[in-house]
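S.K.: My structure is below; once you've seen it, I'll send some questions.
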Amino acid sequence: MNYLKKLGYTAVLTVCSVLVPPFATAQSQVRVLTVELPMQGITLQYSQPTRLEQVLTDANANGALGYFPLSAQLFDRNAQPQVDKVKQQVLDKLKHLALQEPQATSVLKQLESFDYQARYFVELDQNAVMSQADKNPLLVSKKPTVASKKPAMASTQLAMASKQSATASKQQATASKQSATALKKPASQGVSAKSAEQQHFELYLTARPTSVNVVGAVKQAHTLPLVEHAQLDNYLTRLPKGQLLDIADNSTAFVIQPDGLVNEISYAYWNSKPAYFAPGAIIFIAFDSLPSEFSTLNQDIVELLRHKVNL
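Using mature numbering (1 follows the signal peptide of the UniProt record, and there is no 0), the letters of the sequence shown map in sequence onto residues -26 to -1, 1 to 285.
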């Protein structure tokens, strides 16, 4: 995100915050939770620990109706230093690999251009959040470990996130649901606002994507129109001729679905299997035959891409 974009982004939040009086904060009260909605240009502020259901309800009441749940993203700004560290580690590895294999520079430039934030992995479908208690956590920083050697596959990550959320809920059992107007209540009600740690989240609620993204061992990143029921070969044939690098793995790739779940797919003629590409998915073309000192690089990149801001 460049400097001018940051300026525009701040201006929108400032103007729109003024236009939403229910979320104005009294000077005598401490903000325990701040949730920014960059796409809607508003900021929700709470004086008590708040559950996800209430935040989604307040977001819908302020212009976030009709978002696509699978591509919605929640980011934990308190945990940002950890993602920054992982990003730097991945970029450093790519720089060293480029000394042996110059084509790796292409992948390095792609990853440098993306925006990454510490993703809070939880389901953001409001109906699911309202109907299932384990999907309605208090929004408290998890400070996740994002440098795992192997990316989470299928439903494993959401299951782990649910368990973590349930634990956080038990630890703060005195907190209950409340609307954004809870800021008008005395801080002594529920959990003391002065003693609670300030939480800061960003919630991206967007319309259904109409494309998928191809990154990795290609000359440059590509955004391709979404094709229902298409397979990886269908997307690769839509790339300009000669886009796949010589160092690309010609039989295996990774798909990072918009909710952060990862699937490893085989697409060579001898091991091809059907795969699903959700709207907004990232297709990562992996490196083939990496030197031993870079043996985890593909998995490290996939893990980093799970934290990419998908705009």
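We put the CB at the ideal spot given by N, CA and C, even for glycine.
Which two residues bound the contiguous beta strand (DSSP E) that contains residue 178?
M.R.: On the sequence shown, residue 178 is found 204 positions in, with the first residue counted as 1. Where residue 178 is concerned, the enclosing beta strand (DSSP E) stretches over 173 to 178.
S.K.: How would you call residue 188, buried or exposed, if buried means at least 16 neighbouring beta carbons within 10 angstroms?
M.R.: Within the sequence shown, the letter at position 214 stands for residue 188. Buried, since its Cβ has 16 or more Cβ neighbours within 10 Å.
S.K.: Can you tell me which of the three DSSP states residue 79 falls into?
M.R.: As a working note, residue 79 is residue 105 in the sequence shown. Helix, per DSSP.
S.K.: Which value, in whole angstroms, describes the spacing of the CA atoms of residue 64 and residue 103?
M.R.: Position 90 of the sequence shown holds residue 64. Position 129 of the sequence shown holds residue 103. Cα-Cα distance, rounded: 34 Å.
S.K.: Taking C-alpha atoms, which residue in 27, 47, 60 and 17 lies nearest to residue 36?
M.R.: The residue given as residue 36 occupies position 62 in the sequence shown. Ranking the options by Cα distance to residue 36, first place goes to 17.
S.K.: Could you please give the first and the last residue of the uninterrupted alpha helix (DSSP H) stretch that includes residue 55?
M.R.: By 1-based counting over the sequence shown, the position of residue 55 is 81. It spans 54 to 74 - the alpha helix (DSSP H) in which residue 55 sits, taken as one unbroken run.
S.K.: Check for me: the beta strand (DSSP E) holding residue 237 runs from which residue to which?
M.R.: Counting from 1 along the sequence shown, the entry for residue 237 is found at position 263. First-last of the beta strand (DSSP E) with residue 237: 236 to 240.
S.K.: Under DSSP, the beta strand (DSSP E) around residue 197 begins and ends at which residues?
M.R.: Counting from one through the sequence shown, the residue named residue 197 turns up at place 223. 196 to 199 is the span of the beta strand (DSSP E), which, as asked, contains residue 197.
S.K.: Looking at the secondary structure, which residues open and close the alpha helix (DSSP H) in which residue 273 lies?
M.R.: Against the sequence shown, residue 273 aligns to sequence position 299. Here the alpha helix (DSSP H) through residue 273 covers 271 to 279.
S.K.: Between 39, 255 and 48, which has its C-alpha nearest residue 10's C-alpha?
M.R.: Reading the sequence shown from its first residue, position 36 is the one you call residue 10. Of the listed residues, the one whose Cα sits closest to residue 10 is 48.
S.K.: Using the beta-carbon count (16 or more within 10 Å), is residue 89 buried or exposed?
M.R.: Within the sequence shown, numbered from 1, the residue matching residue 89 stands at position 115. The residue in question, residue 89, is exposed, as its Cβ has fewer than 16 Cβ neighbours within 10 Å.
S.K.: Just tell me which of 67, 22, 211 and 44 has its CA closest to the CA of residue 265.
M.R.: One-based indexing of the sequence shown puts residue 265 at position 291. That would be 67, whose Cα lies nearest to the Cα of residue 265.
S.K.: Near residue 252, what residues of its chain come up, given a Cβ to Cβ distance below 7 Å and the 5 sequence neighbours on each side ignored?
M.R.: As a first step, residue 252 is located in the sequence shown; it is residue number 278 there, counting from the start. Taken in chain order, the residues that qualify are 44, 231 and 232.
S.K.: Do the stretch 192 to 203 and the stretch 80 to 97 touch if we need at least three Cβ pairs shorter than 8 Å?
M.R.: Touching, yes, given that three or more Cβ pairs across the two stretches are closer than 8 Å.
S.K.: Among 91, 273 and 258, which one has its Cα closest to the Cα of residue 219?
M.R.: Indexing the sequence shown from 1 puts residue 219 at position 245. Out of 91, 273 and 258, 258 has the C-alpha closest to the C-alpha of residue 219.
S.K.: So, at 8 Å on beta carbons, what are the nonlocal neighbours of residue 78 in its own chain, with the 5 sequence-adjacent residues on each side left out?
M.R.: Along the sequence shown, read from residue 1 onward, the residue named residue 78 stands at position 104. Here the set comprises 68, 71, 72, 221 and 261.
S.K.: What is the residue span of the beta strand (DSSP E) that residue 207 lies within?
M.R.: For the purposes of this step, residue 207 is taken as the residue at position 233 of the sequence shown. It is not in any beta strand (DSSP E) - residue 207 instead sits in the alpha helix (DSSP H) that spans 206 to 210.
S.K.: State the start and end residues of the unbroken beta strand (DSSP E) segment that holds residue 187.
M.R.: By 1-based counting over the sequence shown, the position of residue 187 is 213. First-last of the beta strand (DSSP E) with residue 187: 185 to 190.
S.K.: Any idea if residue 206 is buried or exposed, counting beta-carbon neighbours within 10 angstroms, 16 or more meaning buried?
M.R.: Taking the sequence shown and counting its residues from 1, one reaches residue 206 at position 232. It is buried - the Cβ of residue 206 has at least 16 other Cβ atoms within 10 Å.
S.K.: Which residue marks the beginning of the alpha helix (DSSP H) containing residue 7, and which one marks its end?
M.R.: Translated into the one-based positions of the sequence shown, residue 7 becomes position 33. Premise fails: residue 7 lies in the beta strand (DSSP E), 7 to 11, not in any alpha helix (DSSP H).
S.K.: Would the beta-carbon of residue 41 fall within 8 Å of that of residue 249?
M.R.: Counting from 1 along the sequence shown, the entry for residue 41 is found at position 67. Counting from 1 along the sequence shown, the entry for residue 249 is found at position 275. Not in contact: residue 41 and residue 249 (Cβ atoms no closer than 8 Å).
S.K.: Counting along the chain, where does the beta strand (DSSP E) carrying residue 26 start and finish?
M.R.: In the sequence shown, the residue the question calls residue 26 occupies position 52. Counting along the chain, residue 26 falls outside any beta strand (DSSP E), though it belongs to the alpha helix (DSSP H) covering 26 to 35.
S.K.: Bridge partners of residue 229, per DSSP?
M.R.: Numbered from 1 along the sequence shown, position 255 holds the residue referred to as residue 229. Bridge partners of residue 229: 237 and 257.
S.K.: Just reading off the beta strand (DSSP E) that residue 19 is part of, what are its end residues?
M.R.: For the purposes of this step, residue 19 is taken as residue 45 along the sequence shown, with counting starting at 1. Residues 16 to 20.
S.K.: Given a threshold of 16 other Cβ atoms within 10 Å of its Cβ, counted over all protein chains shown, does residue 202 qualify as buried or as exposed?
M.R.: Start at 1 with the first residue of the sequence shown, and residue 202 comes out as number 228. So residue 202 ends up on the exposed side.
S.K.: Should residue 243 be labelled buried (16 or more other beta-carbon atoms within 10 Å of its own) or exposed?
M.R.: Here residue 243 refers to the residue found at position 269 of the sequence shown. Result: exposed.
S.K.: Of the residues 177, 7 and 53, which one's Cα is nearest the Cα of residue 33?
M.R.: Start at 1 with the first residue of the sequence shown, and residue 33 comes out as number 59. Considering only alpha carbons, the answer is 177.
S.K.: If you count every other CB in all the chains shown that lies within 10 Å of the CB of residue 24, and 16 or more means buried, which is it?
M.R.: Your numbering for residue 24 matches position 50 in the sequence shown. Its Cβ being crowded by 16 or more others within 10 Å, residue 24 is buried.
S.K.: Roughly how many angstroms separate the alpha carbons of residue 347 and residue 92, rounded to a whole number?
M.R.: The chain is shown from -26 up to 285; residue 347 falls before or after that span and cannot be answered.
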